[in-house]
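Asker: Okay, handing you the structure first.
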């Protein structure tokens with residue numbers, strides 16, 4: 001029994017829905033004991049009150065009337081139920097579950113009810129309620145007077161494919177008389193029309209049917225299971241989509257919103273698009289009324305919730321603003337500005353606030369205050385990069401995932417408990433990460449040289465990043481490990497270096513003890529002496545000089561003297577510089593002598609690490625490389641550094657595998673420069689592999705090729721043969737490339753980058769650990785704008801402001817501004833020449849090395865470029881002054897070159913797809929590094945001409961020259977001779 005069913009019941013008696021229903025709560029006290037039934041709760045309380053009784057008396061009063069004065073008094077007879085007042089009324093159920101008087105319909109009318117098989121059942125109205133209940137519940141009619149117990153779970157005697165025609169027993173009309181016949185082949189089954197003989201019997205029957213019901217709804221009003229309702233279907237709801245291009249254009253009457261917050265956002269977006277202002281006339285959790293802020297404007301919106309749902313429906317909508325638009329009065333918020341600038345922040349997190357303001361004005365026409373733009377940018381950065389606080393919670397899950405994907409790594413996170421800042425979970429203390437690829441690459445392919453440095457994190461936590469970096473074979477930075485600590489002190493450095501020592505397997509590796517360079521910070525020095533007591537140390541010379549200036553010793557003369565002392569490879573040069581320093585300032589000399597000389601002077605440093613670096617600039621380079629992630633949350637910070645290392649390993653590995661060089665480019669250029677300076681040297685053999693090399697009578701050095709040492713200590717420190725060693729190598733008829741240290745060769749370089757760094761999945765695929773969450777450290781919020789630029793030293797010169805980029809370009813060859821060394825007209829230095837040739841040995845360098853051997857055959861390398869000799873060759877003309885440069889050594893270079901044994905020119909590594917052999921190139925087509933001078937050099941005996949077919953030999957254009965005179969060939973002349981074939985006087989790289 002429900003409230004709606006009671007309303008339907010009194011409508012069948014002639015009452016309307018505005019009539020009032022009462023029941024007796026307390027008997028005998030008049031109208032005070034009557035209670036109004038106006039809700040389902042009152043119906044339930046009535047059923048609970050009369051739970052022990054079989055009938056309930058309900059008094060119905062028409063609209064406008066009231067309770068009579070003599071109602072519910074002791075001397076009045078007990079009221080009878082409506083169904084028993086006067087003639088007994090039999091009710092039936094229509095298709096919508098509403099009772100109505102079945103006696104008001106003629107016997108010839110039938111009520112159609114659907115069954116579970118979606119078929120029609122013909123029920124005569126005069127059959128009564130019991131037949132309706134019997135067909136809906138699929139149970140037989142229970143004869144109350146029978147002594148036998150009925151079978152409530154008996155099987156149906158009728159098949160599913162037949163229609164059941166129920167006929168009344170007394171006075172019921174036959175369906176055949178009204179033109180309705182049963183389905184052919186299905187026998188009509190008749191049931192007796194049982195009517196209870198007394199109200200008590202009817203009550204027993206109702207108790208049997210609904211005795212176990214919870215009184216939520218009577219069984220007689222429940223539609224059969226599986227039956228489709230024939231009620232009128234509601235129109236589908238129109239939902240608001242705030243992710244479309246112009247969401248305000250879809251607003252219409254009866255539009256639905258997910259919740260009230262979305263409705264308020266839609267109102268804000270509408271008025272921003274229309275450049276209008278508004279106010280909330282009513283702002284309740286379930287109802288909002290919006291009006292225009294201008295007086296007299298007819299704009300009006302009403303949104304309210306639908307029933308018990310959170311869904312909000314637009315009930316009223318009058319979108320006809322009569323006021324003038326104004327972009328300054330729109331109710332924009334920081335959240336809305338953050339939403340429109342989120343895409344720009346995803347592209348560049350350093351987007352300026354002025355850019356955000358200009359974009360909002362350009363795209364939407366609204367004026368955003370600067371303070372709101374700052375708040376919006378911070379909110380957008382938090383959305384893009386993640387929440388600083390939330391990323392600390394599951395750091396252990398992230399590190400465990402890194403360990404699972406990158407075997408051999410070492411990832412540690414530590415926590416602590418602060419008494420002054422109590423928290424539910426332990427707070428973050430430090431985090432360390434060393435990838436397995438970085439560890440293996442450093443141990444197998446890098447020199448035992450480690451640089452240590454720290455930098456600040458650009459957040460409000462005040463934390464610092466500690467990093468350990470090495471150097472690869474090309475003298476580039478090689479990150480080994482990095483960590484995050486509260487501050488840079490002795491305890492933090494000791495913890496970081498301890499984790500680094502465990503990751504590397506001790507204080508020494510495959511190539512001996514590690515040499516450590518640092519910035520001479522006190523806490524760091526104490527930590528190094530404690531964790532790596534056997535490792536040699538070096539101090540950054542730039543930091544020493546900064547402290548030197550802070551102590552009061554300034555001036556260019558003092559700096560030059562200090563540089564000479566620090567960069568001198570011999571003790572003699574160091575002593576001379578220190579004597580000059582003492583003569584210039586004895587106080588400065590005493591201050592510098594307090595620092596251990598083996599930590600800052602090259603002549604006293606160890607030679608195991610094969611590097612002559614005394615500045616820690618590569619650690620500073622690492623701090624600059626991670627500048628874009630230093631202001632991000634902790635997990636985003638570590639993931640950004642790991643991604644950078646992964647990309648670098650892949651690019652270096654792929655590039656080196658397809659490179660032409662066998663010696664790394666940086667040190668190959670140094671080797672070429674040393675070859676140039678070795679020309680005036682004179683090498684004389686002493687014994688076995690010991691040589692004496694001198695340039696003048698005052699300076700001579702002992703070179704031992706077996707031990708790879710030189711008296712100048714340059715070869716000892718760097719691992720690259722110095723000019724003295726190259727002179728002795730040439731005299732012993734060997735190649736300098738064979739004496740380069742293995743650290744700078746291609747196999748060792750590949751060893752550093754062969755181990756790959758594997759990707760780490762997203763947060764949804766992390767390995768779940770059982771450890772508790774981690775609370776973030778205490779944030780130190782400071783007033784004012786954040787500092788992103790490094791604080792420069794007191795005596796650090798400021799960088800000049802350059803407005804034109806071309807003014808900063810200086811040629812590294814001639815030291816003139818306005819062009820690069822690639823476009824320089826002066827002869828290139830050996831190192832720049834090999835760099836321009838992409839570190840491939842050229843014919844000029846091969847000819848130069850060949851010219852150092854006086855006994856070498858003349859022009860032996862040019863015969864391989866000529867075509868094969870046919871059986872009937874044509875006679876070749878006599879050689880002209882424009883003979884190819886590769887056939888004879890240059891006159892100036894050969895005159896000053898020392899005597900050297902013949903050597904074999906270095907072979908050029910074949911390309912993956914070598915070009916087809918071509919005819920020899922005329923001498924004028926080669927790109928001159930200097931203005932060539934063609935001379936008729938007298939020779940004791942000319943080489944006999946090699947016969948070559950005239951058809952296969954290209955003509956050799958030569959400039960017109962007079963006999964006995966020298967002709968100077970300019971680039972313009974060379975271009976003229978070369979225009980027919982190449983179009984330019986520059987030689988093609990593929991045809992060199």
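Numbering (full-length UniProt numbering), first residue to last: 1 to 992. All C-beta atoms, glycine included, are put in the ideal place defined by N, C-alpha and C.
Taking the C-alpha atoms as reference points, what is the distance between residue 63 and residue 21?
Answerer: Counting from 1 along the chain shown, the entry for residue 63 is found at position 63. Counting from 1 along the chain shown, the entry for residue 21 is found at position 21. So the alpha carbons of these two residues sit roughly 10 Å apart.
Asker: What residues in its chain sit with their C-beta under 6 Å from that of residue 456, if we drop five residues either side in the sequence?
Answerer: Residue numbering aside, residue 456 sits at position 456 when the chain shown is read from its first letter. Cβ within range, chain order: 464.
Asker: Can you check which of these residues, 429, 406, 372, is closest to residue 393 by C-alpha distance?
Answerer: As a first step, residue 393 is located in the chain shown; it is residue number 393 there, counting from the start. Among 429, 406, 372, the Cα nearest to that of residue 393 is on 429.
Asker: Less than 8 Å separating the beta-carbons of residue 694 and residue 700?
Answerer: Residue numbering aside, residue 694 sits at position 694 when the chain shown is read from its first letter. Residue numbering aside, residue 700 sits at position 700 when the chain shown is read from its first letter. Less than 8 Å separates the beta-carbon of residue 694 from that of residue 700.
Asker: Are the beta-carbon atoms of residue 384 and residue 760 separated by less than 8 Å?
Answerer: Taking the first residue of the chain shown as 1, we reach residue 384 at position 384. Taking the first residue of the chain shown as 1, we reach residue 760 at position 760. The answer is no: Cβ separation not under 8 Å.
Asker: Check whether the Cβ atoms of residue 599 and residue 537 sit closer than 8 Å, and answer yes or no.
Answerer: Taking the first residue of the chain shown as 1, we reach residue 599 at position 599. Taking the first residue of the chain shown as 1, we reach residue 537 at position 537. Less than 8 Å separates the beta-carbon of residue 599 from that of residue 537.
Asker: Can you grab the Cα-Cα spacing for the pair residue 397 / residue 407, in whole Å?
Answerer: As a first step, residue 397 must be located in the chain shown, where it is residue number 397. As a first step, residue 407 must be located in the chain shown, where it is residue number 407. As the crow flies, the alpha-carbon of residue 397 is around 16 Å from that of residue 407.
Asker: Closer than 8 Å is the cut-off here; do at least three beta carbon pairs connect the segment 439–458 with the segment 500–517?
Answerer: yes
Asker: What does residue 493 pair with, by DSSP beta-bridge criteria?
Answerer: Taking the first residue of the chain shown as position 1, residue 493 is located at position 493. According to DSSP, residue pairing for residue 493 in a beta bridge does not occur.
Asker: Give me the Cα-Cα distance between residue 470 and residue 679, rounded to the nearest whole angstrom.
Answerer: As a position in the chain shown, residue 470 is number 470, starting the count at 1. As a position in the chain shown, residue 679 is number 679, starting the count at 1. Answer to the nearest angstrom: the Cα atoms are 35 Å apart.
Asker: Which class does residue 471 belong to by DSSP, given the choice of helix, strand or coil?
Answerer: On the chain shown, residue 471 is found 471 positions in, with the first residue counted as 1. Strand at residue 471.
Asker: Are there 16 or more other CB atoms within 10 angstroms of the CB of residue 8, so buried, or fewer, so exposed?
Answerer: On the chain shown, residue 8 is found 8 positions in, with the first residue counted as 1. Buried.
Asker: Grab the span of the beta strand (DSSP E) containing residue 638 for me, first residue to last.
Answerer: Here residue 638 is taken as the residue at index 638 of the chain shown, counted from 1. Looking at the DSSP string, residue 638 is not in any beta strand (DSSP E); the run it does join, the alpha helix (DSSP H), is 634–657.
Asker: Select from 320, 635, 261 the residue whose C-alpha is nearest the C-alpha of residue 484.
Answerer: Numbered from its first residue, the chain shown carries residue 484 at position 484. Comparing Cα-Cα distances from residue 484 to each of 320, 635, 261, the minimum goes to 635.
Asker: Is residue 619 closer than 8 Å to residue 467 when the C-beta atoms are compared?
Answerer: By 1-based counting over the chain shown, the position of residue 467 is 467. By 1-based counting over the chain shown, the position of residue 619 is 619. Cβ distance < 8 Å, so residue 467 and residue 619 count as in contact.
Asker: Is it the case that the Cβ atoms of residue 452 and residue 516 are separated by a distance below 8 Å?
Answerer: Reading the chain shown from its first residue, position 452 is the one you call residue 452. Reading the chain shown from its first residue, position 516 is the one you call residue 516. Contact: yes.
Asker: What are the partner residues of residue 449, as DSSP defines its beta bridges?
Answerer: On the chain shown, position 449 is the one that residue 449 refers to. Answer is 515.
Asker: Looking at residue 736: is its Cβ nearer than 8 Å to the Cβ of residue 684?
Answerer: Indexing the chain shown from 1 puts residue 736 at position 736. Indexing the chain shown from 1 puts residue 684 at position 684. Result no, Cβ atoms of residue 736 and residue 684 do not sit closer than 8 Å.
Asker: Measuring CA to CA, which of 357, 835, 431, 269 is closest to residue 660?
Answerer: For the purposes of this step, residue 660 is identified with residue 660 of the chain shown, where counting begins at 1. Considering only alpha carbons, the answer is 835.
Asker: Could you give the DSSP three-state label for residue 387: helix, strand or coil?
Answerer: Taking the chain shown and counting its residues from 1, the one referred to as residue 387 is at position 387. Correct three-state label for residue 387: coil.
Asker: Below 8 Å on the Cβ atoms is my guess for residue 750 versus residue 720; work out the distance and round it to an integer in Å.
Answerer: Here residue 750 is taken as the residue at index 750 of the chain shown, counted from 1. Here residue 720 is taken as the residue at index 720 of the chain shown, counted from 1. That pair is no contact at about 20 Å.
Asker: I need the straight-line Cα distance from residue 752 to residue 438, nearest angstrom please.
Answerer: On the chain shown, residue 752 is found 752 positions in, with the first residue counted as 1. On the chain shown, residue 438 is found 438 positions in, with the first residue counted as 1. Roughly 8 Å between the two C-alpha positions.
Asker: Measuring CA to CA, which of 281, 611, 260 is closest to residue 744?
Answerer: The sequence position of residue 744 within the chain shown is 744, counting from 1. The shortest Cα separation from residue 744 among 281, 611, 260 belongs to 611.
Asker: DSSP state of residue 822, grouped into three classes?
Answerer: By one-based count along the chain shown, residue 822 stands at place 822. It is helical.
Asker: From 325, 71, 775, pick the residue whose C-alpha is nearest to that of residue 277; which is it?
Answerer: Numbered from 1 along the chain shown, position 277 holds the residue referred to as residue 277. Closest option to residue 277, Cα to Cα, is 325.
Asker: Might you give, ordered along the chain, the residues of its own chain that have their beta carbon closer than 7 Å to the beta carbon of residue 570, omitting 5 neighbours on each side?
Answerer: On the chain shown, position 570 is the one that residue 570 refers to. Taken in chain order, the residues that qualify are 603, 712, 713.
Asker: Rounding to the nearest angstrom, what Cα-Cα distance links residue 6 and residue 72 in this structure?
Answerer: Numbered from 1 along the chain shown, position 6 holds the residue referred to as residue 6. Numbered from 1 along the chain shown, position 72 holds the residue referred to as residue 72. Cα-Cα distance, rounded: 21 Å.
Asker: Decide if residue 65 is buried, meaning its Cβ has at least 16 other Cβ atoms within 10 Å, or exposed.
Answerer: Mapped onto the chain shown, residue 65 falls at position 65. Exposed, by the Cβ-count rule.
Asker: Let me know the beta strand (DSSP E) ranges lying completely inside the segment 267–315, each 3 residues or longer, listed in chain order.
Answerer: 278–283, 287–292, 300–305
Asker: Identify the continuous alpha helix (DSSP H) that holds residue 571 and give its terminal residues.
Answerer: Position 571 of the chain shown, counting from 1, holds the residue named residue 571. Start and end: 571–584.
Asker: Starting from residue 672, trace the alpha helix (DSSP H) both ways and give me its first and last residue.
Answerer: Working through the chain shown from its first residue, we reach residue 672 at position 672. Its alpha helix (DSSP H) spans residues 665–677.
Asker: First and last residue of the alpha helix (DSSP H) that includes residue 748?
Answerer: Residue numbering aside, residue 748 sits at position 748 when the chain shown is read from its first letter. 746–753 is the span of the alpha helix (DSSP H), which, as asked, contains residue 748.
Asker: To the nearest angstrom, how far is it from the Cα of residue 548 to the Cα of residue 730?
Answerer: Counting from one through the chain shown, the residue named residue 548 turns up at place 548. Counting from one through the chain shown, the residue named residue 730 turns up at place 730. Cα to Cα, residue 548 sits roughly 44 Å from residue 730.
Asker: Using a Cβ-Cβ cutoff of less than 7 Å, which residues in the same chain neighbour residue 440 once the five nearest sequence positions on both sides are dropped?
Answerer: Within the chain shown, residue 440 is the residue found at index 440, counting from 1. Closer than 7 Å at Cβ, skipping near neighbours: 408, 755.
Asker: Under a three-way DSSP split, which group does residue 23 fall into?
Answerer: Position 23 of the chain shown, counted from the first residue, corresponds to residue 23. Residue 23 falls in the strand class under three-state DSSP.
Asker: How would you write the range of the alpha helix (DSSP H) that residue 810 sits in, first residue to last?
Answerer: Sequence index remark: in the chain shown, residue 810 carries index 810 (1-based). Run containing residue 810: none; DSSP gives neither H nor E here.
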